[in-house]
Each structure stands twice: as C-alpha cells, then as structure tokens.
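In terms of our numbering, the sequence shown is numbered consecutively and its last residue is 284.
Backbone N, C-alpha and C define an ideal beta-carbon position, used for all residues, glycine too.
All figures in this text were calculated on a predicted structure; none of them were measured in a lab.
Structure, as structure tokens:
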Amino acid sequence: MQTIRRLEDLREALAAFRSAGERVALVPTMGALHDGHMALVEAAKRAADRVVVSIFVNPRQFGPNEDFDQYPRKEAADSRLLTNAGTDILWLPPVDVMYPQGFATNVSVTGVSEVLDGAHRPGHFDGVATVVSKLFNQVRPDIALFGEKDWQQLAVIRRMTADLNIDVEIQGVVTQREDDGLALSSRNAYLMPDERARAVALPRALGAAERAIVEGGDPEAALAQARDSLTAAGFDVDYVVLADAETLGSAEPGRPWRLLAAARIGSTRLIDNIPVTTQDPG
Numbered sequence: 003m004q005t006i007r008r009l010e011d012l013r014e015a016l017a018a019f020r021s022a023g024e025r026v027a028l029v030p031t032m033g034a035l036h037d038g039h040m041a042l043v044e045a046a047k048r049a050a051d052r053v054v055v056s057i058f059v060n061p062r063q064f065g066p067n068e069d070f071d072q073y074p075r076k077e078a079a080d081s082r083l084l085t086n087a088g089t090d091i092l093w094l095p096p097v098d099v100m101y102p103q104g105f106a107t108n109v110s111v112t113g114v115s116e117v118l119d120g121a122h123r124p125g126h127f128d129g130v131a132t133v134v135s136k137l138f139n140q141v142r143p144d145i146a147l148f149g150e151k152d153w154q155q156l157a158v159i160r161r162m163t164a165d166l167n168i169d170v171e172i173q174g175v176v177t178q179r180e181d182d183g184l185a186l187s188s189r190n191a192y193l194m195p196d197e198r199a200r201a202v203a204l205p206r207a208l209g210a211a212e213r214a215i216v217e218g219g220d221p222e223a224a225l226a227q228a229r230d231s232l233t234a235a236g237f238d239v240d241y242v243v244l245a246d247a248e249t250l251g252s253a254e255p256g257r258p259w260r261l262l263a264a265a266r267i268g269s270t271r272l273i274d275n276i277p278v279t280t281q282d283p284g
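Take a look at the structure:
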C-alpha cells in the first residue's frame, strides 16, 4: 500500500492506474476505522481494480461545540488494517492541502441537507459536500462508496453529484452492526459501559416502529412510541422520523421510505436508520 500525503504524488500514482486501464474506487473516511469501514473497502475491491481510502478529519463538518479535538485519530492502526485489506493507496492529505491559505469556496446542497441533522448541526453538510467534492476532484474515482448508516450524508452526496454532473458512481453499503444490533460507529468508543448497554435501545426502537408501520399501524403513533422508548432508556432524542428515502421530505405512498433517528446518550450522539419494507402504511 502506498501512503501519500502530497497531491502531486497522488496524481502520479493514479495516472499509472489509469494508463493501465484500471478502474479506481474511493472510500472517503475520517479514520478510526472499524468493521463498517472495512466493509466499504471490501465492496470497493469488488467494484474496481484499485482502491483508494482517504483519511481526513474534516474541521468544516464539526460545529463549535462538537468533538473535533477529541475525535479519535489512529493513523498507525488504520494503516495496518488497510494494508491487510489490500488497499492500494492511503490518501492522508494535511489540512493545508484540503484548505490552503485563502480558501474561500463552500459547496452547499439545499433541501436534503437542511432537515434532520442539518437542522441540528448547522453547516455540517456544507462541510461534508465541500470536502467530498474536493476528494472527488483529487482522486477522480470511477466509483465512491459510503455507508448507509449516515443516510442523510449519502443522500446529500448523491444530490450534489447529480447536480454538478460529477462523473462518479455513488454506491451505498448496508450498515454494519454489532451482534446486538447497534450500528458500528467510531463514536461508539465514547460510550461508557452502562451507556453501551442501553444504546441498543436505538436500533430496537427503529425496528419496533418499522414493524408497527408495516403491520398497518399509525406511523405517528409508532414514532411516538419509539421516542418514548428511547427516553426511557436514557436518551435525549433529537429526532425520530419517517421520511422519503431520497429527498428526506414527507413519506408519500408509492415512494421508498426510511426511518431515521438521532439521539444522545451521555455525551455521545448516535444516529441510525432503517428502510421501511412497505410503501403504504394504511
């Protein structure tokens, strides 16, 4: 595996792949890699001849009271995982490569980025869209892979890619979970043992709501029950919603639906989502 920190070196390495007619996949990450990230790498290996994984803890997607300084950074351990997985390039751009002196450009995706996490974390998805657009320009991948756990992020990136005519295929990879159902996340490391035990209430609440809706129950009642169960488990709930899977607007018959939730337990904010397997609750 090549570990690259300079843009000119990245472009030289990628030019060699392309001159050989090889298809390139990109897996953008912020590091602190776990099995969820490695599932993206495995999917990338199936989709392309060469795999580039980027690690960049993006300051522009953290709010002023969020965990940028505390966000786990594990470069050596991440590098070993990626080497063992057969990654071709680890792209480790420093901040001055991503945001050089005088950087003044912002990529903003309205609509899909303004609800849910966008409402609770102002500016977050501008930071995501800006850094991902830069990574796409740096790597120029044929395909880029993102986890479905961050469903709104995936929706924002799909919208941005379509709107800006960026020639890259976007592939979502199903959420990877612990044996008890908790979605894998770098932030799970923040959970105290008692919080980790109670955190399983999040996927269970979504699962119960999905079953109630599929069985013909009132969606609002199912969502209220999910919020109540999370509160009872010690969560401070930001949202539990049923939304259109593509636009994240109102869930209308004949469209794919998604249940999405965000809630804080202790100092850790967790997100999760699942598909709803019916298109008509009534």
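Near residue i, what residues of its chain come up, given a Cβ to Cβ distance below 6 Å and the 5 sequence neighbours on each side ignored?
| i | result |
| --- | --- |
| ALA49 | ALA27 and ILE145 |
| ASP182 | VAL202 |
| LYS151 | THR177 and ALA185 |
| LYS47 | VAL53 |
| THR85 | MET3 |
Between the Cα of residue i and those of the options, spot the shortest distance and give me the residue it belongs to.
| i | options | result |
| --- | --- | --- |
| PRO95 | ASN67, GLY129, LEU137 and THR85 | LEU137 |
| SER81 | THR5, THR163 and GLY219 | THR5 |
| ALA263 | ASP119, ALA131 and PHE127 | ASP119 |
| ALA2 | ASP220, PHE148, MET3 and ASP274 | Absent from the model: residue 2. The displayed extent of the chain is 3 to 284, so no value can be given. |
| GLY1 | ARG25, LEU83, LEU12 and VAL53 | The chain is shown only over 3 to 284; residue 1 falls outside these bounds and no answer can be derived. |
| GLY113 | ASP128, PHE105, ALA106 and MET100 | ASP128 |
| VAL243 | LEU156, GLY236, ALA207 and ALA78 | ALA207 |
| ALA22 | GLU217, ASP51 and SER269 | ASP51 |
| GLY268 | ILE215, TYR192, THR85 and GLU217 | TYR192 |
| VAL111 | PHE70, LYS76, PHE105 and ALA157 | ALA157 |
| GLY236 | VAL216, GLY209, ARG200 and PRO205 | ARG200 |
| PRO205 | PRO61, GLU77, VAL216 and GLU180 | GLU180 |
Measure the C-alpha to C-alpha separation of residue i and residue j and round it to an integer number of angstroms.
| i | j | result |
| --- | --- | --- |
| LEU166 | ILE276 | 28 Å |
| PRO255 | ILE91 | 44 Å |
| LEU225 | VAL59 | 33 Å |
| ASP98 | ARG7 | 11 Å |
| TRP93 | ILE159 | 20 Å |
| LEU261 | THR233 | 17 Å |
| ALA245 | GLU44 | 30 Å |
| VAL109 | VAL134 | 9 Å |
| ARG266 | PRO143 | 35 Å |
| LEU9 | THR279 | 44 Å |
| GLU14 | VAL29 | 19 Å |
| LEU16 | ILE57 | 17 Å |
| ALA228 | ALA211 | 6 Å |
| ASP230 | ASP240 | 12 Å |
| GLN173 | THR249 | 17 Å |
| ARG189 | ARG271 | 8 Å |
| ALA253 | GLY125 | 25 Å |
| ALA18 | LEU147 | 22 Å |
| GLY65 | HIS122 | 10 Å |
| GLY251 | ARG257 | 11 Å |
| ARG198 | GLY219 | 30 Å |
| HIS39 | PHE70 | 19 Å |
| ASP169 | MET100 | 21 Å |
| LEU12 | VAL55 | 12 Å |
| VAL175 | ARG62 | 24 Å |
Can you say whether residue i is buried or exposed, counting buried as having 16 or more other CB atoms within 10 angstroms of its CB?
| i | result |
| --- | --- |
| THR89 | buried |
| GLN140 | buried |
| THR31 | buried |
| LEU102 | Note that residue 102 is Pro in the sequence shown, not Leu. PRO102 is exposed by the Cβ-count criterion. |
| MET194 | exposed |
| ASP238 | exposed |
| GLU222 | exposed |
| SER115 | buried |
| THR163 | buried |
| LEU35 | buried |
| ARG20 | exposed |
What does a CB cutoff of less than 8 Å around residue i pick up in its chain, not counting 5 residues either side in sequence?
| i | result |
| --- | --- |
| ASP37 | GLN178 and LEU186 |
| TYR73 | MET32, ALA34, VAL59, PHE64 and SER188 |
Please return the same chain residues whose Cβ sits closer than 7 Å to the Cβ of residue i, not counting the five positions on each side in sequence.
| i | result |
| --- | --- |
| GLU171 | ASP144 and ILE145 |
| TRP153 | ARG260, LEU262 and ASN275 |
| ARG213 | none |
Enumerate, from N- to C-terminal direction, the unbroken beta strand (DSSP E) stretches of 3 or more residues contained entirely within the segment 232-269.
Within the segment 232-269, complete beta strand (DSSP E) segments of at least 3 residues are found at 238-246 and 259-267, given in chain order.
So within the segment 83-147, which uninterrupted beta strand (DSSP E) runs reach at least 3 residues, ignoring any that extend past its ends?
Annotation note: the segment 83-147 contains the following uninterrupted beta strand (DSSP E) runs of length 3 or greater, listed N- to C-terminal: 91-93.
At what residue ranges does the segment 142-193 contain a whole run of the beta strand (DSSP E), taking only runs of 3 or more?
DSSP runs (the beta strand (DSSP E)) wholly in the segment 142-193: 145-149 and 171-175.
Entirely within the segment 17-81 and at least 4 residues each: give me those alpha helix (DSSP H) ranges in chain order.
Fully enclosed alpha helix (DSSP H) runs of 4 or longer: 37-49.
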